[in-house]
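**Q** For the sequence shown, our numbering begins at 943 and goes up steadily by one.
Ideal placement from N, C-alpha and C gives every residue a C-beta, glycine not left out.
Next up is a structure, given as structure tokens.
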Amino acid sequence: MYPSPSLILEGNPLKVTWKGIVGLVVILTGVSIAAYLLSSIEGFVAGVLAVFIGFLVSFFRSDIKRYLGLTEEKELPKIEVDTEDKQDREDLKIIRKLEKKIGKQRQKLAKEVVQYNPALPEKKRRKVDQDIVEEATELIGLLDSVKGRAIQLGESELVHHYDEILAEIKETREKSMRRLSEQK
């Protein structure tokens, strides 16, 4: 059998009370809970760091291998191209970029033309006509630029194509300008 707690306390020269023992148990429990939480947070942070480092290593794997000398850089063979061909290619790239802009501008202009309705109030008709004139003028500038590039390249089919588009856009602009002058 175990001795009763009162005997333990009576024979204790330090005179420890039950309140002291309970307080000690509460403090130790609090410290152990805090240590557990800190170790959990520490484990979580360590896991996050491990995943992050793994991501960085996998993302920069080829650079790391090259830096450590594990793989050799392969140089691509250089292909010599005539300067005229290079210039033609650059001009064609510029023409393609301009054609994309022209396509977008033509869509904007088409939307403006569709918005025009003779039944609209005069202010709105005037605004739509002004927008049509602005869009058409900007589009004519782009078309002139791309037409000049096509002339430099000697692309007669492209030049003819751009001439047709220019005539159509100029006609649309003229109609809107006439309506604007009539509304004044």
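Leaving aside the five residues before and after Gln1057 along the sequence, list all residues of the same chain whose C-beta is less than 6 Å from its C-beta, in chain order.
**A** Excluding sequence neighbours, Gln1057 sits near Val1070.
**Q** Hey, could you find the ends of the alpha helix (DSSP H) Ala976 is sitting in?
**A** It spans 960-1001 - the alpha helix (DSSP H) in which Ala976 sits, taken as one unbroken run.
**Q** Less than 8 Å between C-beta atoms, sequence neighbours within five positions excluded: which residues of the same chain meet that for Leu1108?
**A** Once the five neighbours on either side are set aside, the close Cβ partners of Leu1108 are Ile1082, Leu1085, Asp1086, Lys1089.
**Q** Which residue wins for smallest C-alpha separation from Arg1038, given the options Asp1105, Leu966, Ile1111, Arg1091?
**A** If we check each option's Cα against that of Arg1038, Arg1091 comes out closest.
**Q** Just checking my contact of Val1075 with Met1119 at CB under 8 Å: how many whole Å lie between their CB atoms?
**A** Indeed, because the Cβ distance is near 6 Å, the residues count as touching under 8 Å.
**Q** What does the alpha-carbon distance come out to for the pair Leu979 and Val967?
**A** The straight-line gap from Cα to Cα measures roughly 18 Å.
**Q** How is the alpha helix (DSSP H) around Leu1100 delimited, first residue to last?
**A** Looking at the DSSP string, the run of the alpha helix (DSSP H) that includes Leu1100 is 1098-1125.
**Q** Tell me the rounded alpha-carbon separation between Val999 and Ser982.
**A** About 26 Å.
**Q** Which whole-angstrom value is the C-beta distance of Leu1051 and Glu1077, which I expect to be below 8 Å?
**A** Rounded, the Cβ-Cβ distance is 4 Å, consistent with contact.
**Q** Taking the beta carbon of Ile1111 as the centre, do at least 16 other beta carbons fall within 10 Å, making it buried, or is it exposed?
**A** Counting Cβ neighbours within 10 Å, Ile1111 comes out buried, since at least 16 surround it.
**Q** Can you give me the C-alpha to C-alpha distance between Thr959 and Gly965, rounded to a whole angstrom?
**A** If I take the Cα positions, the gap works out to 10 Å.
**Q** For Gly962, does the count of other Cβ atoms within 10 angstroms reach 16, so buried, or fall short, so exposed?
**A** The residue is exposed, with fewer than 16 neighbouring Cβ atoms inside 10 Å.
**Q** In whole angstroms, what separates the C-alpha of Leu1122 from that of Arg1068?
**A** Going by the C-alpha atoms only, they are around 6 Å apart.
**Q** Go ahead and pull the three-state DSSP assignment for Leu1062.
**A** The answer is coil: DSSP assigns Leu1062 none of H, G, I, E or B.
**Q** Classify Tyr1009 as buried or exposed, calling it buried when 16 or more other Cβ atoms lie within 10 Å of its own Cβ.
**A** Classification for Tyr1009: exposed.
**Q** Would DSSP call Leu1012 helix, strand or coil?
**A** In the structure shown, Leu1012 sits in coil (DSSP, three-state: anything other than H, G, I, E or B).
**Q** Here's the rule I'm using: 16 or more other beta-carbon atoms within 10 Å means buried, otherwise exposed. How should Gln1047 be labelled?
**A** Looking at its Cβ environment, which holds 16 or more other Cβ atoms inside 10 Å, Gln1047 is buried.
**Q** Kindly give me the distance between the Cβ atoms of Glu1064 and Gln1125, rounded to whole angstroms, as I take these residues to be in contact under 8 Å.
**A** Contact holds; Cβ gap of about 6 Å.
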